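Residue 1 is where the sequence shown starts when you use full-length UniProt numbering, and the numbers rise one by one after that. Note that CB positions come from ideal geometry on N, CA and C, so glycine has one too. This one's a predicted model, so the numbers in the text were calculated from it and none came from an experiment.
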Amino acid sequence: MAYTQTKAALQRLIDDGVVPGVSYAFVDGDRVLSGAMGRAAIVPRSEVLRPGMTYDVASLTKVVGTLTVTLQLLAQGRLRLTDSLHDWLPGWADRRVTIHHLLTHTSGIIGYIPNRDALNAEELTAALLTLHVGPTFNRKMVYADVNYIFLGWILEQALGAPVQDLVRQRVLEPLGMRHSTFTPSDPTQCVPTAFAPGRGMVRGQVHDPKAFVLGKRCGSAGLFSTAADLATFCQGVLHPERVAAVLPPAWVHRLTADLTPSGKARRSLGWALTVAQTPTPHWVIWHSGFTGTYLALDPATDQAMVFLTNRVHPYAPNEPYLDQRNAVVGTYLAEK
Numbered sequence: 001m002a003y004t005q006t007k008a009a010l011q012r013l014i015d016d017g018v019v020p021g022v023s024y025a026f027v028d029g030d031r032v033l034s035g036a037m038g039r040a041a042i043v044p045r046s047e048v049l050r051p052g053m054t055y056d057v058a059s060l061t062k063v064v065g066t067l068t069v070t071l072q073l074l075a076q077g078r079l080r081l082t083d084s085l086h087d088w089l090p091g092w093a094d095r096r097v098t099i100h101h102l103l104t105h106t107s108g109i110i111g112y113i114p115n116r117d118a119l120n121a122e123e124l125t126a127a128l129l130t131l132h133v134g135p136t137f138n139r140k141m142v143y144a145d146v147n148y149i150f151l152g153w154i155l156e157q158a159l160g161a162p163v164q165d166l167v168r169q170r171v172l173e174p175l176g177m178r179h180s181t182f183t184p185s186d187p188t189q190c191v192p193t194a195f196a197p198g199r200g201m202v203r204g205q206v207h208d209p210k211a212f213v214l215g216k217r218c219g220s221a222g223l224f225s226t227a228a229d230l231a232t233f234c235q236g237v238l239h240p241e242r243v244a245a246v247l248p249p250a251w252v253h254r255l256t257a258d259l260t261p262s263g264k265a266r267r268s269l270g271w272a273l274t275v276a277q278t279p280t281p282h283w284v285i286w287h288s289g290f291t292g293t294y295l296a297l298d299p300a301t302d303q304a305m306v307f308l309t310n311r312v313h314p315y316a317p318n319e320p321y322l323d324q325r326n327a328v329v330g331t332y333l334a335e336k
């Protein structure tokens with residue numbers, strides 16, 4: 001397919017000044033249609049967006065990296081959905097929270113950390129472990145980075161290495177995602193994100209403040225990737241039997257089911273769910289990242305869209321982007 005309408009919707013994001021540029025990839029089975037349009041940067045000077053540039057994909061780290069390693073250990077029986085967070089991290093006091101709660105964002109973990117962004121890694125780690133469980137526990141899906149930070153620490157306990165090292169060894173390298181990294185060596189190949197106090201224009205370093213402090217021990221953000229590499233990952237999710245050692249098929253095939261306690265929160269393990277109407281109504285899995293990144297995968301039709309922007313450039317949060325992004329996704333789901 002040419003995806004003429006979806007590409008036109010992406011171009012409108014640029015023409016309307018919502019984002020500086022867009023990199024995209026449309027997956028149809030073994031075929032990938034990709035491209036780039038617009039600018040990589042508008043300050044301190046205008047810079048054309050080049051094909052193959054690398055993005056800080058923010059929370060896509062959760063599903064590409066941390067979730068994938070977690071599924072591997074679930075398939076091997078080294079973790080169970082019913083495992084208590086306390087059993088793996090004794091510094092966490094509440095024994096009710098399980099891996100299932102963390103994966104589906106139904107843990108209800110809340111709390112305020114004073115001066116959070118001024119803390120060092122040791123201080124932030126200790127502060128996160130003092131958070132508490134609120135009234136939404138096991139009842140409501142409330143998306144929170146802390147769930148996947150804790151999952152990363154569980155993986156570290158299980159496998160003996162920081163979560164970002166585990167993602168590199170167990171996901172990026174075996175899938176051949178050779179342009180994906182947590183430590184970009186050439187910032188000029190990275191699309192800049194936002195101006196941050198004390199850091200200036202962030203480029204080639206993770207934008208997320210918690211990930212910046214926690215470094216290799218952060219499972220909620222920190223990955224840099226390209227549209228082509230993310231298309232490769234999507235093809236693995238669509239055909240897990242081809243890469244069963246990385247994406248265990250029995251678990252991957254469950255990702256199109258609502259696995260929240262209520263069964264009504266439109267959330268699977270890691271992924272969010274939306275409905276595609278053709279050929280008949282069915283679930284599509286998706287995830288977004290704060291910096292302006294998005295994946296949508298439709299296993300029923302063997303299709304996926306990778307949609308990367310730097311919506312926080314030069315300043316976050318750029319709230320108007322969200323409605324425009326949802327319109328692009330709606331156009332894609334209707335067109336495909």
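Residue i - DSSP class collapsed to helix/strand/coil
| i | result |
| --- | --- |
| Leu297 | strand |
| Glu123 | helix |
| His179 | coil |
| residue 337 | Lying outside 1 to 336, the shown extent of the chain, residue 337 is not represented and no answer is given. |
| Ala158 | helix |
| Tyr148 | helix |
| Leu71 | helix |
| Phe137 | coil |
| Thr193 | coil |
| Leu60 | helix |
| Arg39 | strand |
| Gly215 | helix |
| Gly65 | helix |
Whole-angstrom C-beta distance between residue j and residue i, which should lie under 8 Å
| i | j | result |
| --- | --- | --- |
| Pro261 | Pro248 | 23 Å between Cβ atoms; not a contact. |
| Thr82 | Tyr148 | Not confirmed; about 19 Å, so no contact. |
| Val275 | Trp286 | Going by Cβ atoms, the distance from Val275 to Trp286 rounds to 11 Å, so no, they are not a contact pair. |
| Gly231 | Ala25 | The residue asked about is misnamed: residue 231 is Ala in this sequence, not Gly. 4 Å between Cβ atoms; contact. |
Alpha-carbon spacing of residue i relative to residue j, whole angstroms
| i | j | result |
| --- | --- | --- |
| Met37 | Ala211 | 29 Å |
| His313 | His207 | 11 Å |
| Asp32 | Ala9 | Asp is not the amino acid found at residue 32; the sequence shown has Val there. Their Cα atoms are separated by approximately 19 Å. |
| Met1 | Thr331 | 14 Å |
| Arg39 | Tyr315 | 15 Å |
| Tyr112 | Leu131 | 8 Å |
| Gln303 | Leu49 | 25 Å |
| Tyr3 | Thr70 | 34 Å |
| Gly35 | Lys140 | 38 Å |
| Ala272 | Tyr294 | 11 Å |
| Ile14 | Ala244 | 39 Å |
| Asn326 | Lys336 | 15 Å |
For this session: With a floor of 4 residues, list each alpha helix (DSSP H) that falls wholly inside the stretch 236–316, ordered by position along the chain.
Result: 249–252
Problem set entry | Start-end ranges of the alpha helix (DSSP H) lying completely within the stretch 78–133, minimum 4 residues | 85–88, 99–104, 121–128
Exercise. Would the stretch 209–224 and the stretch 138–157 be scored as touching if the rule is three or more Cβ pairs under 8 Å?
Worked result: yes
For this session: State whether the stretch 52–59 contacts the stretch 69–86, with contact taken as three or more CB pairs (one from each stretch) at a distance under 8 Å.
Result: no
Exercise. Quick one: any contact between the stretch 99–111 and the stretch 130–147, if contact means 3 or more CB pairs under 8 Å?
Worked result: yes
For this session: Count the CB pairs spanning the stretch 186–193 and the stretch 304–312 that are closer than 8 Å, and state whether there are at least three.
Result: Short answer: they touch.
For this session: Report yes or no: do the stretch 165–175 and the stretch 123–130 share at least 3 C-beta pairs separated by less than 8 Å?
Result: no
Exercise. Would the stretch 220–234 and the stretch 175–184 be scored as touching if the rule is three or more Cβ pairs under 8 Å?
Worked result: yes
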